[in-house]
Each structure stands twice: as structure tokens, then as C-alpha cells.
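Note sheet for the following structure.
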């Protein structure tokens, strides 16, 4: 089998991707880079898509290699995966605030981190690089309870701002809603089924980097998306 035949391309809901795989951001990847405007734009787009009952919102591509030790290495797409994970964590935190512990446990185990039944250790769906991972794991555990003063790097500030932005947005959404619980479930359902990403799985780093560079051409990315849908 040639290496080209080993490359797999799938169009999936982004939460389904987090639900069914484990990911790791390798050490050579840059730290979290999205600014507040990127996060707010994503939230607005998702909210508009849900309100307009759009069947699909295309988020972009995720390029990975592996798996190695049951984890895929993220060559491209960590910003999307991280931000969506923070969004899911914010929704989970609102359910926790409202006392719905069953939903909290379900959301946490399905999309954020499972617990090994023997060791009781948490196995996060996504592991960031060494610089960002400690903060990220605390954020997906509880956004409101993170001690921000402990984290001083620039990427930490971006992660904290992203987490606060999604939490505040969801909190305000619920405050304006006639049925906050139903809206929160609608967001979770949309993330799992309708917010689509192209997942490109390459056999090795050299193939993955070629794909990453090629997908920087937005036209090709859309062409792949259209091909998959057809």
C-alpha cells in the first residue's frame, strides 16, 4: 500500500472527533494563539447557525498523525480543538452551577476527560504542549475556579481570556433564554453533529506537513469538504 493510500480524510462533527479519539499537541507546535476576536467570532457564528437552523457549519481542517500510544499528534488544528474544548467545558460548568451533576459527569467523560476505572486517573481527550497543558487541564476541570495569578506566559493569558470569553458568552446566553437547559443541550448537539471539521490522518510527519501546507490554500480545503459531502 502506498503512503497516499494510507492518508484518510473524514468529515465529522468536532465534538464527535473529541469524543472518539485522543489527541496530543507535540512539543514543536506553537502554544495557544487565538485572540479574543477569534473566539468571539466562532461563538457568534455557532449561535447564528443554531438560530438559523443551518444543517452544517464548516470549521476547517485538523491534520494529525498516528496514533501512537492511542493518541493522535496534532499537526494543524490545535486552536480549533482547544477552543471548542473550552466551550464544552464552559457549558459543563454552567450545568454544574445549576446543580445538574448527571449532565456534568456525562459531558466531562464524553468530550473532555475520562477516568481510568482502576487507577482513578483522568485521561484528557486533548493534551496541549508542556507550556500550556497544566493550565488547560485546570480550565476544562473548572473555568471559574482557576487561579489566574499562577499562569503568567503570553499563551496562558490567551487561554485564560478564551476561557473567560466562552464562559461569559454562554452565561449571558442562558440569562436571556426562556429555556436555558434546552439551549445548552442544543449547543452540545450542534457541536457534536453539525459543526464540521475535516480530519486528515497522515501516516507520518512528512506527509502531514505537506498536507498542512497544501490546506493553507482555502480553495482546496473547501474542495475537499464538497467532495466528502457529495
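Numbering (my numbering), first residue to last: -3 to 226. Where is the CB? At the ideal position from N, CA and C, for every residue including glycine.
- Message: Starting from residue 91, trace the alpha helix (DSSP H) in both directions and tell me its first and last residue.
- Response: If you number the chain shown from 1, residue 91 lands on position 95. Counting along the chain, the alpha helix (DSSP H) containing residue 91 begins and ends at 74 to 93.
- Give the DSSP-derived three-state secondary structure of residue 54 in the structure shown. The residue you call residue 54 lines up with position 58 of the chain shown. In the structure shown, residue 54 sits in a strand (DSSP, three-state: E or B).
- Query: How many angstroms separate the CA atom of residue 110 from the CA atom of residue 12?
  - Reply: Looking up residue 110 in the chain shown gives position 114. Looking up residue 12 in the chain shown gives position 16. Distance between the alpha carbons of residue 110 and residue 12: 15 angstroms.
- Own chain residues within Cβ distance below 6 angstroms of residue 16, not counting five before or after: The sequence position of residue 16 within the chain shown is 20, counting from 1. Closer than 6 angstroms at the Cβ level, and outside the excluded window around residue 16, lies no residue.
- Candidates 76, 62 and 61: which alpha carbon is nearest residue 193's? Walking along the chain shown from the start, residue 193 turns up at place 197. The option with the nearest alpha carbon to residue 193 is 76.
- Sorted by chain position, which residues of the same chain lie with C-beta nearer than 6 angstroms to residue 58's C-beta, five sequence neighbours on each side aside? In the chain shown, the residue the question calls residue 58 occupies position 62. Excluding positions up to five away in sequence, the list reads 73, 193 and 195.
- Task: Identify, in the order they occur along the chain, each residue of the same chain with its Cβ nearer than 7 angstroms to the Cβ of residue 126, setting aside the five sequence neighbours on each side.
- Result: Counting from one through the chain shown, the residue named residue 126 turns up at place 130. Cβ within range, chain order: 23.
- Can you check DSSP and say which residues form a bridge with residue 165? Against the chain shown, residue 165 aligns to sequence position 169. Its beta-bridge partners do not exist; DSSP assigns none.
- Task: For residue 112, I'd like the list of residues in its chain whose CB is within less than 7 angstroms of its CB, leaving aside the five on either flank, ordered along the chain.
- Result: Within the chain shown, the letter at position 116 stands for residue 112. For residue 112, where only same-chain residues beyond five positions count, the Cβ hits under 7 angstroms are 119.
- Item | Same chain, Cβ closer than 7 angstroms to residue 157, neighbours up to 5 away in sequence not counted | Indexing the chain shown from 1 puts residue 157 at position 161. Excluding sequence neighbours, residue 157 sits near 32.
- Inter-residue CB distance, residue 84 and residue 107 (contact presumed, cutoff 8 angstroms): The sequence position of residue 84 within the chain shown is 88, counting from 1. The sequence position of residue 107 within the chain shown is 111, counting from 1. Their Cβ separation, rounded to whole angstroms, is 5 angstroms, which keeps residue 84 and residue 107 in contact under 8 angstroms.
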